[in-house]
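Shown next, in structure tokens, is the structure this report addresses.
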Amino acid sequence: MSTSTSSQTSKASRASKAKPVAIVAGVAVAAALLGVVSFTATEPASSGASGPSAVAEVSADPAAGVYPELEAYARRDASDGLALGRADAPVVLIEYADFKCGYCGKFARDTEPVLVEKYVRNGTLRIEWRNFPIFGEESEAVARASWAAGRQGRFWEFHRAAYAEDAKQKGFGKDRLAALAKEAGVPDAARFAKDAEGAAARAAIGRDQEQGYALGATSTPSFLVNGRPIAGAQPLETFTEAIEAAAKAKKDSAKPSGAGR
864 MSTSTSSQTS
874 KASRASKAKP
884 VAIVAGVAVA
894 AALLGVVSFT
904 ATEPASSGAS
914 GPSAVAEVSA
924 DPAAGVYPEL
934 EAYARRDASD
944 GLALGRADAP
954 VVLIEYADFK
964 CGYCGKFARD
974 TEPVLVEKYV
984 RNGTLRIEWR
994 NFPIFGEESE
1004 AVARASWAAG
1014 RQGRFWEFHR
1024 AAYAEDAKQK
1034 GFGKDRLAAL
1044 AKEAGVPDAA
1054 RFAKDAEGAA
1064 ARAAIGRDQE
1074 QGYALGATST
1084 PSFLVNGRPI
1094 AGAQPLETFT
1104 EAIEAAAKAK
1114 KDSAKPSGAG
1124 R
């Protein structure tokens, strides 16, 4: 009896250890099939860099580097509080990010506002946020808090406050999250606190994480622009070229057969 129990325990232990390996292997295979094995965030080019090496390569061919399967990851839900822009915009930029990620903050402060002004406001672009916390408990907590702010229509205000220049250094403890919600203008503090700790918030964050890992993303920030992966807080030009190429592809696909010849 003792030997049998020991054997069963040993088998269970091996199975428990093997399971994460199997999951990782499965994700790697899925990423390989989608052609995005290298969909891993990198450091942005230094501000002093110049020339082609400062920008991640984006082909002038609108179809190059685009995986139609990944375009389906856009939710296009008009009621999504964690999105900006028209649900039917021709281009969707999906961002997988962590509020404790310094390069995510750089993108949020330096690049995203330009994209909003240039493309979201004229209806070309929709930005969909995915919480992808990878830096521990505080990352998870602030992700849930951002979702809770979104429940009251204040996600992007919370996003701006959490990515302010000095916000990361102050941490994301419970009191700090409440302060950020207040700064963001979240009207009901009690509801915010309850939502941030609720099962719905945890489930929402879990769905975003599962999607990111299924794509092969292992670092932040990572992006999809109509199915084109972009890794890291790349220079503005990388995003504008990808958005314009995607918009052109959509426009061309909408033309009647033979049009423009």
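With the numbering used here, the residue at position 221 of the sequence shown is 1084, and numbering never jumps. Quick reminder that beta carbons are idealized off the backbone N, C-alpha and C, glycines included.
Annotation for Pro931: Gly1090 place their beta carbon closer than 8 Å to its own, counting only its chain and skipping 5 residues before and after. Below 8 Å, too few C-beta pairs join the region 1017 to 1029 and the region 1104 to 1118 to call them touching: fewer than three. Excluding five sequence positions before and after Ala1059, the CB atoms of its chain that fall closer than 8 Å to its own CB belong to Ala1004, Arg1007, Ala1008, Trp1010, Ala1011, Leu1040, given in chain order. For the set Ala1024, Pro1119, Arg993, the Cα lying nearest the Cα of Gln1074 is the one of Arg993. In this structure, DSSP gives Val1005 a helical state, which the three-state scheme calls helix. Taken in chain order, the complete alpha helix (DSSP H) segments of 4 or more residues contained in the region 1006 to 1047 are 1018 to 1025, 1037 to 1046.
Val1088 places its beta carbon 8 Å or farther from that of Ala1077. Shown here, Tyr936 sits in coil according to DSSP, grouped into three states, outside any helix or strand. Of the candidates Tyr936, Gly928, Val929, the residue whose Cα lies closest to the Cα of Asp1071 is Tyr936.
Burial is judged here by how many other beta carbons sit within 10 angstroms of a residue's own beta carbon; Ser942 has fewer than 16 and is exposed. Here the C-alpha atom of Ala1064 lies approximately 26 Å from the C-alpha atom of Pro976. In the three-state DSSP reduction, Arg1065 falls in the helix class (H, G or I). Going by DSSP, Phe1055 is part of the alpha helix (DSSP H) stretching over 1052 to 1059. For Ile1093, the uninterrupted beta strand (DSSP E) segment begins and ends at 1091 to 1094.
Out of Ala1094, Leu1043, Arg989, Ala1066, the CA that lies nearest to the CA of Gly1079 is found in Ala1094. Taking the Cα of Leu947 as reference, the smallest distance to any Cα among Ala1025, Leu978, Gly928 is reached at Leu978. For Tyr959, the enclosing beta strand (DSSP E) stretches over residues 954 to 960.
Taking 8 Å as the upper bound for CB-CB distance, Pro1084 and Ala950 are not in contact here, some 23 Å apart. C-alpha of Val1049 to C-alpha of Phe1055: approximately 8 Å in a straight line. In this structure Leu945 does not touch Phe995 by the C-beta definition: roughly 12 Å separates them, more than the 8 Å allowed.
Residue burial annotation: Ala1062 is exposed, with fewer than 16 other C-beta atoms found within 10 angstroms of its C-beta. Lys1037 and Ile957 have their alpha carbons spaced roughly 28 Å apart. By the Cβ neighbour-count rule, Ala1096 is buried, with 16 or more other Cβ atoms within 10 Å of its own.
The DSSP-derived three-state label of Ser1082 is coil. Looking at the DSSP output, Val1088 shares a beta bridge with Leu956, Arg1091.
Taking the CA atoms as reference points, Phe970 sits about 23 Å from Glu1000. In the three-state reduction of the DSSP assignment, Arg949 falls in the coil class, being assigned neither a helical nor a strand state. If you draw a straight line from the Cα of Pro1092 to the Cα of Thr1103, it is about 14 Å long.
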